[in-house]
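For the sequence shown, the working numbering assigns the number 128 to the initial residue and increments by one for each residue that follows.
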Amino acid sequence: MAQAAVPESHSQPVPVRIPIRQLLPWAIFASVLALLLIYFVGAEQGATSLIGGHYVHEFVHDGRHLLGFPCH
128 MAQAAVPESH
138 SQPVPVRIPI
148 RQLLPWAIFA
158 SVLALLLIYF
168 VGAEQGATSL
178 IGGHYVHEFV
188 HDGRHLLGFP
198 CH
């Protein structure tokens, strides 16, 4: 028995749309987290220090130099 070749139909994938209401809380969370990270790496020393001592400064010291923030 011979089978006839049936052309396969290839459907294009349809992108899933994410509503802004679902995306907005994650965007705000990521923005706040990024701002905190930039603060602790770039400004947590001296007069603007929120945490006393040099623990945070020493913890992010190499990252500070890697990202181009002056600290000395």
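Glycine included, every Cβ here is placed at the ideal spot set by N, Cα and C.
Residue burial classification, Glu-135 (beta-carbon count within 10 angstroms, cutoff 16): exposed
For Gly-195, the three-state DSSP class (helix, strand or coil): coil
Bounding residues of the alpha helix (DSSP H) (the contiguous stretch that carries Glu-135): Premise fails: Glu-135 is in no alpha helix (DSSP H) and is neither H nor E.
Three-state secondary structure assigned by DSSP to His-181: coil
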